[in-house]
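Structure, as structure tokens:
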Amino acid sequence: EVQLLESGGGLVQPGGSLRLSCAASGFTFSTFAMSWVRQAPGKGLEWVSGISGSDDRTFYADSVKGRFTISRDNSKNTLYLQMSSLRVEDTAVYYCVKASTSLSSWFDYWGQGTLVTVSS
Amino acid sequence: DIQMTQSPSSLSASVGDRVTITCRASQSIGRFLNWYQQKPGKAPKLLIYGASSLQSGVPSRFSGSGSETDFTLTISSLQPEDSATYYCQQSYSTPAFGGGTKVEIK
Chain A
1 EVQLLESGGG
11 LVQPGGSLRL
21 SCAASGFTFS
31 TFAMSWVRQA
41 PGKGLEWVSG
51 ISGSDDRTFY
61 ADSVKGRFTI
71 SRDNSKNTLY
81 LQMSSLRVED
91 TAVYYCVKAS
101 TSLSSWFDYW
111 GQGTLVTVSS
Chain B
1 DIQMTQSPSS
11 LSASVGDRVT
21 ITCRASQSIG
31 RFLNWYQQKP
41 GKAPKLLIYG
51 ASSLQSGVPS
61 RFSGSGSETD
71 FTLTISSLQP
81 EDSATYYCQQ
91 SYSTPAFGGG
101 TKVEIK
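Here's what the structure looks like:
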């Protein structure tokens with residue numbers, strides 16, 4: 001059974017940093033691209049960042065480029081999102097998402113999400 | 001970047017009704033279009049991928065169609081458990097979601 005378990009969310013002040021983690025199980029983690037998708041309170045879904053499975057190519061939404069860094073540790077079956085220079089508008093539930101194959105594919109499994117609140 | 005526009009933003013229908021949600025891409029995306037269902041407080045769930053392929057375990061009353069720029073999600077006979085928000089997503093390039101359609105039961 002595929003499981004994605006996010007952690008690391010919480011309250012942080014504007015300008016601060018936070019690292020999210022996603023522990024994956026139930027599939028060969030290194031084979032699949034992974035992404036982070038966020039949802040601000042009462043709003044729709046926004047893709048944030050993605051990383052390929054084999055060669056660690058990374059991609060970012062313009063809204064987070066230069067501030068967020070996605071990475072993965074295939075030996076630990078874990079996906080990360082390092083967030084810095086956080087803004088109030090980064091407040092959202094962040095979902096760890098598995099791609100069905102490559103980055104140009106659908107998202108077949110989602111974690112339960114972790115809430116990040118940016119506020120003074 | 002490719003923009004995705006869904007319509008309507010919300011709808012209310014009765015149990016047993018046929019419901020249609022549309023999604024339009026700002027440029028051609030072939031059939032790289034996926035649909036998700038999200039219930040309050042829950043993570044989204046994949047319904048349809050590749051414009052018309054039904055994800056395993058999804059009831060057959062859900063179907064998808066379309067290509068290039070215009071796509072449709074249809075619920076053939078609306079059930080109470082279908083009350084949710086539905087999102088389209090293109091996977092042709094940098095992923096992007098539509099704004100969502102909230103479906104309510106009358």
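These protein sequence lines map, in sequence, to chains A and B.
In terms of this note's numbering, the first sequence has 79 at position 79, counting the first letter as 1, and numbering is strictly consecutive.
In terms of this note's numbering, the second sequence has 14 at position 14, counting the first letter as 1, and numbering is strictly consecutive.
All residues carry an ideal CB built from backbone N, CA and C; glycine is no exception.
Note that the structure is a prediction, hence the values are computed from the model and not measured.
Three-way DSSP call (helix, strand, coil) for residue i in this model
i: Ser117 of chain B; result: Given that chain B is displayed from residue 1 to residue 106, the structure contains no residue 117 of chain B and the question cannot be resolved.
i: Asp108 of chain A; result: strand
i: Arg6 of chain A; result: Reading the sequence as shown, one finds Glu at residue 6 of chain A and not Arg. Residue state, collapsed to three classes: strand.
i: Phe59 of chain A; result: strand
When the options are compared against residue i, the one with the closest alpha-carbon
i: Ile21 of chain B; options: B:Gly57, B:Ile48, B:Gln55; result: B:Ile48
i: Glu46 of chain A; options: A:Ala92, A:Tyr109, A:Ala99; result: A:Ala92
i: Leu115 of chain A; options: A:Tyr95, A:Thr101, A:Ser102; result: A:Tyr95
i: Gly66 of chain A; options: A:Asp73, A:Val48, A:Gly10, A:Ser52; result: A:Val48
i: Asp70 of chain B; options: B:Leu33, B:Asp1, B:Ser10, B:Val19; result: B:Leu33
i: Ser26 of chain B; options: B:Lys42, B:Ile2, B:Ser9; result: B:Ile2
i: Tyr92 of chain B; options: B:Gly57, B:Arg18, B:Arg31; result: B:Arg31
i: Ala99 of chain A; options: A:Ala24, A:Gly8, A:Gln82; result: A:Ala24
Spatial distance of residue i from residue j (CA atoms)
i: Gly64 of chain B; j: Ser120 of chain A; result: 44 Å
i: Ser28 of chain B; j: Asp62 of chain A; result: 21 Å
i: Phe29 of chain A; j: Lys106 of chain B; result: 43 Å
i: Val12 of chain A; j: Cys22 of chain A; result: 19 Å
i: Val15 of chain B; j: Ala40 of chain A; result: 30 Å
i: Asn77 of chain A; j: Ala13 of chain B; result: 43 Å
i: Trp106 of chain A; j: Val2 of chain A; result: 15 Å
Partner residues on chain B for residue i, Cβ-Cβ distance less than 7 Å
i: Trp106 of chain A; result: Asn34, Leu46, Tyr49, Ser91
i: Phe59 of chain A; result: Thr94
Listed by chain order, chain A residues near residue i by CB distance under 9 Å
i: Ser97 of chain B; result: Sequence inspection shows Phe at residue 97 of chain B; the Ser mentioned does not correspond to that position. Per Cβ cutoff of 9 Å: Val37, Gly44, Leu45, Glu46, Trp47.
Beta-carbon neighbours of residue i, restricted to chain A and to distances below 7 Å
i: Tyr87 of chain B; result: Gly44, Leu45
Residues that residue i contacts on chain B, provided the C-beta gap is smaller than 9 Å
i: Gly111 of chain A; result: Ala43
Partner residues on chain A for residue i, Cβ-Cβ distance less than 8 Å
i: Gly66 of chain B; result: Simply none; closest approach about 15 Å.
i: Gly117 of chain B; result: This structure cannot settle anything about residue 117 of chain B, because the visible part of chain B is limited to 1 through 106.
*Could you run through the region 85–97 of chain A and flag, in chain order, every residue whose CB is less than 8 Å away from some CB of chain B?*
Tyr95
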